[in-house]
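Asks:
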Amino acid sequence: MPQTPSAAPWPDSVIARYLTVAGAAFGREDLAVDVTYSSKSGLLTAACHGCGNTEHTNTGGSFSDSPEKEQARIAKWLPTSKQDAQTHAEKCRALPRPEA
């Protein structure tokens with residue numbers, strides 16, 4: 213039985229990924245909205261690789277937070293960030309400008 217090609221691994225920093233309409237239509241996994249977290253800024257970021265739109269969710273963190281407190285903040289705000297990313301991906305039909 214032939215093997216199906218597997219998806220490319222996500223970068224380590226990606227928490228969630230939502231394929232855009234354009235990505236699904238053209239079979240391009242790179243046209244997605246990635247959700248990442250930065251412990252330095254305390255921001256969850258949803259970044260679209262099609263149109264370039266970026267949404268930030270401030271978790272109210274501090275660099276001095278304990279790992280447990282940081283994880284609790286991420287758990288609290290991640291559903292909001294995921295929903296924003298999914299909503300954008302469901303509507304985004306943008307393609308990045310081709311390189312010359």
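Heads up, the sequence shown is in my numbering, so the first residue is 213 and it goes up one at a time. Yeah, the Cβ is synthetic: ideal placement off N, Cα and C, and Gly gets one too.
Would you tell me roughly how many angstroms separate the C-alpha atoms of N270 and F238, rounded to the nearest one?
Replies: Within the sequence shown, residue 270 is the residue found at index 58, counting from 1. Within the sequence shown, residue 238 is the residue found at index 26, counting from 1. One C-alpha to the other measures close to 33 angstroms.
Asks: Helix, strand or coil for S274 per DSSP?
Replies: Start at 1 with the first residue of the sequence shown, and residue 274 comes out as number 62. DSSP places S274 in coil when its eight states are reduced to three.
Asks: Between which two residues does the beta strand (DSSP E) containing A234 stretch?
Replies: Your numbering for residue 234 matches position 22 in the sequence shown. It is not in any beta strand (DSSP E) - A234 instead sits in the alpha helix (DSSP H) that spans 233-238.
Asks: What is the DSSP secondary structure of D242, reduced to helix, strand or coil?
Replies: As a position in the sequence shown, residue 242 is number 30, starting the count at 1. In the structure shown, D242 sits in coil (DSSP, three-state: anything other than H, G, I, E or B).
Asks: Taking 7 angstroms as the cut-off, does the CB of A284 come closer than this to any heavy atom belonging to the ligand ADP?
Replies: Among the components of this structure there are no ligands whatsoever, and the ligand ADP is therefore not found.
Asks: Just curious, the alpha helix (DSSP H) that A312 is in, first and last residue?
Replies: Numbered from its first residue, the sequence shown carries residue 312 at position 100. A312 -> no alpha helix (DSSP H), and no H or E assigned at all.
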